[in-house]
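Worksheet: the structure to be examined is printed underneath.
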Amino acid sequence: MHRDDASDPPLLVCQVGSTKLTYLARAIEDLHEELVRRGDWVALGAADEQKDAAPDTVEAWGRSADNPVGGWYGQRKGYLGRFGMYLPPLLEALGLVELEHNARNNRVRAVPPR
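Each residue of the sequence shown is one higher than the one before, counting from 17 in the working numbering.
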């Protein structure tokens with residue numbers, strides 16, 4: 017995954033084999049703020065664009081009309097989903113969240129302030 021600041025708006029580009037997914041780059045800050053606001057563990061709930069997201073999950077928030085962009089962070093039609101799969105590991109690598117690494121049903125939460 018890398019950031020493409022030359023795009024307008026800036027994008028996160030996630031290459032998975034031959035598949036390229038793109039998300040609004042502001043998702044990093046927006047998702048972190050949402051996790052701080054919630055203050056507890058949140059299920060990831062990753063799902064493809066064609067499937068409904070489980071309620072009260074990172075995936076549901078990433079496509080909700082109530083999030084800061086008013087809908088999908090995903091930008092490539094047919095590949096708008098999987099927000100709950102690809103964004104939390106990036107936030108973990110940036111030191112912004114704790115992420116469970118179980119076989120399934122993983123959760124994420126904002127790193128407590130120091």
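Where a beta carbon is used, it is the ideal one built from N, C-alpha and C, also for glycine.
Computed from a predicted structure; not experimentally measured.
For this session: Could you check if residue 62 is buried or exposed, using at least 16 other CB atoms within 10 Å of its CB as the buried criterion?
Result: buried
Problem set entry | Beta carbon of residue 89 nearer than 8 Å to that of residue 35 | No, the pair does not count as a contact, with Cβ atoms beyond the cut-off.
For this session: Spell out the partners DSSP gives residue 18 in its beta bridges.
Result: The partner list for residue 18 (beta bridge, DSSP) reads 29.
Problem set entry | Spatial distance of residue 86 from residue 119 (CA atoms) | Their backbone Cα atoms lie some 32 Å apart in a straight line.
Exercise. Is residue 124 near residue 74, with beta carbons less than 8 Å apart?
Worked result: yes
For this session: Go ahead and pull the three-state DSSP assignment for residue 125.
Result: When DSSP states are grouped into helix, strand and coil, residue 125 belongs to the strand group.
Exercise. Which value, in whole angstroms, describes the spacing of the CA atoms of residue 24 and residue 33?
Worked result: 25 Å
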